[in-house]
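One structure is given below, encoded as structure tokens.
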Amino acid sequence: MAAAITTHHLPVPWDCLFSLARIIVRVVPRVNRLVFVFGKLVKEGVQNFTPTLLTSYVIDVAREVDSLAHGVLKKNNLMNAVSQ
């Protein structure tokens with residue numbers, strides 16, 4: 004299960020959020036992924052989500068998004084700043 008975190012602080016306190024993410028995935032047994040929500044601060048939990056089946060289309064989209072994200076990380080010398 005994934006969980007999301009967000010903040011109103013600018014610049015984003017990435018070190019703090021990274022530490023928080025490590026704690027959350029250790030303490031909350033069902034959470035194995037954490038994402039950051041960009042944009043407005045999310046004050047209430049989001050209860051609606053889209054169930055996704057692992058189809059070839061979904062895999063293709065995930066690969067395309069992964070490629071785009073890696074391109075941005077490489078361009079900005081941020082490959083070592085990401086943990087998966």
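Everything in the sequence shown is counted per our numbering, starting at 4 for the first residue and increasing by one.
Beta carbons are placed, not taken as given, at the ideal position from N, Cα and C, and that holds for glycine.
As the structure is a prediction and not an experimental result, all values here were calculated from the model.
Can you name the start and end residues of the alpha helix (DSSP H) that residue i belongs to?
i	result
A84	Neither: A84 is in no alpha helix (DSSP H) and is coded neither H nor E.
V75	S59 to K78
Should residue i go down as buried or exposed, given a rule of 16 or more other Cβ atoms within 10 Å for buried?
i	result
L37	buried
Flag residue i as yes if its beta-carbon sits less than 8 Å from any beta-carbon of chain D, otherwise no.
i	result
V61	Absent here is chain D; the protein component of the structure consists of one chain.
Q: Kindly provide the ranges of any beta strand (DSSP E) runs that are 3 or more residues long and lie completely inside the segment 7 to 42, ordered along the chain.
A: Entirely contained in the segment 7 to 42, the beta strand (DSSP E) runs reaching 3 residues are, in chain order, 36 to 39.
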